[in-house]
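Asker:
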């Protein structure tokens, strides 16, 4: 009977959490003495025990039991431990800056220990007593290595510059850490972008994506073809195991069946790539916006005349076509309370300011008045679809003039109705803002736009359906928002305001979007 009661008692608790290196014998007894669970201690997160018993792995709330045995942790001096592994771009500057801000906000002291050249530990201590409360270790390797460490239970969180791949999702499930592709399996912490860079003395100022792909694959090997000097092109790219190297291939080369130039010079990190390109007048590279150094960033142009650059707002709105979200991937595991508090802080408005000061693009929504969007409306007049007449343009201007555009924009994966990673994050960001009352007594309008492929009437209907779908997704996510205090509408203008040339797949993808306007 006691065995049945013990199993029933343990089944009430949530599964999975923070692992300890060694399993040891413990006995957990309820405070009234009626229930007893014995087994090997697999983990303790400061609040919950994870025990391997004859009935399987059980998770038990530490507040309701007493622990006896050699494996019992020291409850008074428990230290929360988290190990982050993956992309150095995330772990070298951004995460330490956020951890420092978190420590200041909560009155902790922050210490730093260099364990190896690529492994750094930060210690959070109580300011009054100096007792260590948490150890946050950062392994600066690569996105691939981060996922390897996670599935081998050698890391708790992956720092990634790309989305998780199918084989990594499969390995994660087999390792018992849950579905890394689920809504709770990842979060976007900041935004960056892939940008082509050259030496400041290079006369070329912009390339089409087609030209950039041809250069990276070796199809174009002389600057003269691009309007530059008669000189060979020296190509520099990130290492193929790095997140940026993989993102470059995934975003630029693979969609058109191209392969990287064999003679391209590979770099393990962005600073080295930017320095090498800046020193060579005939070099070109693709790196992150946050690591351009002294190199000169090229614009992305289209045959119709549009030129897009990776400015902060262009990255935030995804108007720039090569935006690159920065991810944390999380297992289905309960982290220590201090770790959960830090992860929660990453979504705080003050954390967004830290992200911007660290040189990355934050996700805080900004409002852009219509008078600051002159180029967009000039392009609408010059490049709108052939079936868009003056009356439709006047309707659009009259509707939008009283409103301001939010930088929160929604775009879709190539060839899919599924929102891309940045837009899925935007759903959660906007929903949380609605839940805390940021848009109470205001009017939110989800405005759909399309490319010009097909008839204007059909495109208008498609754009409106997308606007309705995004609106519904945000409302579903804003579970605690008082929607009666927010005016929510949808509208569509189809192909009336293109952001890029419609003569390429990437241009059409940029133009298919849902914007949010507010009053």
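In the numbering used here, the protein residues as written are 39 to 557.
Every residue gets a Cβ at the ideal spot worked out from N, C-alpha and C, and that includes glycine.
Since we're looking at a predicted model, the values are computed, not measured.
1. Could you round the C-beta distance between residue 486 and residue 462 to whole angstroms and report it? I think they count as a contact, below 8 Å.
2. Residue 371 and residue 215 look like a contact to me (Cβ under 8 Å); what is the Cβ gap, rounded to whole Å?
3. From this set, 72, 175, 208 and 533, which residue's C-alpha is nearest residue 186's C-alpha?
4. Using only alpha-carbon positions, find the residue among 159, 77 and 205 that is nearest to residue 95.
5. Following the continuous beta strand (DSSP E) through residue 535, name the residue where it begins and the one where it ends.
6. Would you grab the beta carbon distance between residue 242 and residue 336 for me? Rounded to a whole angstrom, and I think it's under 8 Å.
7. Verify whether the separation of the beta carbon atoms of residue 508 and residue 555 is less than 7 Å.
8. How would you write the range of the alpha helix (DSSP H) that residue 262 sits in, first residue to last?
9. Enumerate, from N- to C-terminal direction, the unbroken alpha helix (DSSP H) stretches of 4 or more residues contained entirely within the region 353-441.
10. Quick check: what's the CA-CA separation for residue 516 versus residue 470?
11. Return the chain-ordered list of same chain residues with a C-beta closer than 6 Å to the C-beta of residue 60, the five sequence neighbours on each side being excluded.
12. Only counting the same chain, and skipping five residues up and downstream in sequence, which positions put a Cβ closer than 7 Å to that of residue 138?
13. According to DSSP, residue 90 sits in a beta bridge with which residue or residues?
14. Flag this pair as touching only if the region 328-346 and the region 257-273 have three or more C-beta atom pairs under 8 Å; answer yes or no.
15. Thinking C-alpha only, which one of 368, 449 and 164 is nearest residue 358?
16. With a threshold of 8 Å on Cβ separation, who are the neighbours of residue 441 within its own chain once the five nearest residues in sequence on each side are excluded?
17. Using three-state DSSP, classify residue 319 as helix, strand or coil.
18. Are the CB atoms of residue 533 and residue 506 nearer to each other than 7 Å?
19. What does DSSP give as the partner residue(s) for residue 559 in the beta ladder?
20. Using the C-alpha atoms, what's the distance from residue 302 back to residue 233?
21. Look at residue 638 and residue 275 and say whether their C-beta atoms are less than 7 Å apart.
22. Under three-state DSSP, which class holds residue 244?
23. Let me know the secondary structure DSSP gives residue 500 once reduced to three states.
24. Considering only their Cβ atoms, is the gap separating residue 79 from residue 64 smaller than 7 Å?
25. Under the three-state reduction of DSSP, which class applies to residue 234: helix, strand or coil?
26. Could you pull out every unbroken alpha helix (DSSP H) segment of at least 4 residues lying fully inside the region 106-190, listed in chain order?
27. How would you label residue 436, buried or exposed, when you count the other beta carbons within 10 angstroms and need 16 or more for buried?
28. Just mark residue 559 as buried or exposed, buried being the case when its beta carbon has 16 or more other beta carbons within 10 Å.
29. Smallest Cα separation from residue 151: which of 489, 166, 134 and 213?
30. Cutting at 6 Å between CB atoms, please list the residues of its own chain near residue 46, excluding the five before and the five after it.
31. Could you check what DSSP says for residue 521 in three-state terms: helix, strand or coil?
32. Between residue 141 and residue 171, how many whole angstroms is the CB-CB distance? I'm expecting something under 8 Å.
33. In the structure shown, what three-state DSSP assignment does residue 215 receive?
34. Would you please state the rounded distance, in angstroms, between the beta carbons of residue 175 and residue 213? I believe it to be under 8 Å.
Answerer: If we stick to the structure as given:
1. One-based indexing of the chain shown puts residue 486 at position 448. One-based indexing of the chain shown puts residue 462 at position 424. No, residue 486 and residue 462 are not in contact; Cβ-Cβ is about 18 Å, not under 8 Å.
2. Against the chain shown, residue 371 aligns to sequence position 333. Against the chain shown, residue 215 aligns to sequence position 177. About 7 Å separates the beta carbons of residue 371 and residue 215, which is inside the 8 Å limit, making them a contact pair.
3. The residue labelled residue 186 in the question sits at position 148 within the chain shown. The shortest Cα separation from residue 186 among 72, 175, 208 and 533 belongs to 208.
4. Sequence index remark: in the chain shown, residue 95 carries index 57 (1-based). Ranking 159, 77 and 205 by Cα distance to residue 95 puts 77 first.
5. If you number the chain shown from 1, residue 535 lands on position 497. Careful: residue 535 lies outside any beta strand (DSSP E) and carries neither H nor E.
6. Locating residue 242 in the chain shown gives position 204, counting from the first residue. Locating residue 336 in the chain shown gives position 298, counting from the first residue. Going by Cβ atoms, the distance from residue 242 to residue 336 rounds to 7 Å, so yes, they are a contact pair.
7. As a position in the chain shown, residue 508 is number 470, starting the count at 1. As a position in the chain shown, residue 555 is number 517, starting the count at 1. Not a contact, by the Cβ cut-off of 7 Å.
8. Sequence index remark: in the chain shown, residue 262 carries index 224 (1-based). It is not in any alpha helix (DSSP H) - residue 262 carries neither H nor E in the DSSP assignment.
9. As far as the region 353-441 is concerned, its whole alpha helix (DSSP H) runs of at least 4 residues are 375-383, 387-395, 412-421 and 428-438.
10. On the chain shown, residue 516 is found 478 positions in, with the first residue counted as 1. On the chain shown, residue 470 is found 432 positions in, with the first residue counted as 1. Distance between the alpha carbons of residue 516 and residue 470: 6 Å.
11. Within the chain shown, the letter at position 22 stands for residue 60. With a pLDDT of 41 at residue 60, under the threshold of 50, the modelled position of that residue is not reliable, and no figure is offered here.
12. As a first step, residue 138 must be located in the chain shown, where it is residue number 100. By the criterion of a C-beta distance shorter than 7 Å, residue 138 is surrounded in its chain by 148, once the five residues flanking it on both sides are discounted.
13. As a working note, residue 90 is residue 52 in the chain shown. Residue pairing by DSSP puts residue 90 in a beta bridge opposite 78 and 95.
14. Inter-segment contact for the region 328-346 and the region 257-273 is absent: fewer than three beta-carbon pairs are separated by less than 8 Å.
15. For this step, residue 358 is matched to residue 320 along the chain shown. If you compare the alpha carbons of 368, 449 and 164 with that of residue 358, the shortest gap goes to 449.
16. Locating residue 441 in the chain shown gives position 403, where the first residue counts as 1. For residue 441, where only same-chain residues beyond five positions count, the Cβ hits under 8 Å are 408, 481, 483, 555, 556 and 557.
17. Counting from one through the chain shown, the residue named residue 319 turns up at place 281. Coil at residue 319, not helix or strand.
18. Indexing the chain shown from 1 puts residue 533 at position 495. Indexing the chain shown from 1 puts residue 506 at position 468. Here residue 533 is not near residue 506, since their CB atoms are 7 Å or more apart.
19. Nothing can be reported for residue 559: it is not among the residues displayed for the chain, which extend from 39 to 557.
20. Numbered from its first residue, the chain shown carries residue 233 at position 195. Numbered from its first residue, the chain shown carries residue 302 at position 264. Between the alpha carbons of residue 233 and residue 302 lies a distance of about 17 Å.
21. The structure shown does not extend to residue 638, since the chain is modelled only from 39 to 557, so the question has no answer here.
22. The residue labelled residue 244 in the question sits at position 206 within the chain shown. Note: residue 244 maps to strand in three-state DSSP.
23. Along the chain shown, one-based indexing puts residue 500 at 462. Three-state result, residue 500: helix.
24. Within the chain shown, the letter at position 26 stands for residue 64. Within the chain shown, the letter at position 41 stands for residue 79. In this structure, residue 64 lies near residue 79, with their beta-carbon atoms less than 7 Å apart.
25. By 1-based counting over the chain shown, the position of residue 234 is 196. Here residue 234 sits in strand by DSSP.
26. Within the region 106-190, the complete alpha helix (DSSP H) segments at least 4 residues long are 133-144 and 181-189, listed from N- to C-terminus.
27. Within the chain shown, numbered from 1, the residue matching residue 436 stands at position 398. Answer is exposed; the Cβ neighbour count stays below 16.
28. No answer is possible for residue 559: it lies beyond the span of the chain, which begins at 39 and ends at 557.
29. Your numbering for residue 151 matches position 113 in the chain shown. Nearest to residue 151 by alpha-carbon distance, out of 489, 166, 134 and 213, is 134.
30. One-based indexing of the chain shown puts residue 46 at position 8. Low confidence applies here, because residue 46 scores a pLDDT of 40, under 50, leaving its location unreliable and the question unanswered by this model.
31. Start at 1 with the first residue of the chain shown, and residue 521 comes out as number 483. Residue state, collapsed to three classes: helix.
32. Here residue 141 refers to the residue found at position 103 when the chain shown is read from its first residue. Here residue 171 refers to the residue found at position 133 when the chain shown is read from its first residue. Taking C-beta atoms under 8 Å as the contact rule, residue 141 and residue 171 fail to qualify, at a distance of about 10 Å.
33. What you label residue 215 is simply residue 177 of the chain shown in a count that begins at 1. When secondary structure is reduced to three states using DSSP, residue 215 falls in the coil class, being assigned neither helix nor strand.
34. Counting from one through the chain shown, the residue named residue 175 turns up at place 137. Counting from one through the chain shown, the residue named residue 213 turns up at place 175. So it is not a contact: roughly 20 Å between Cβ atoms.
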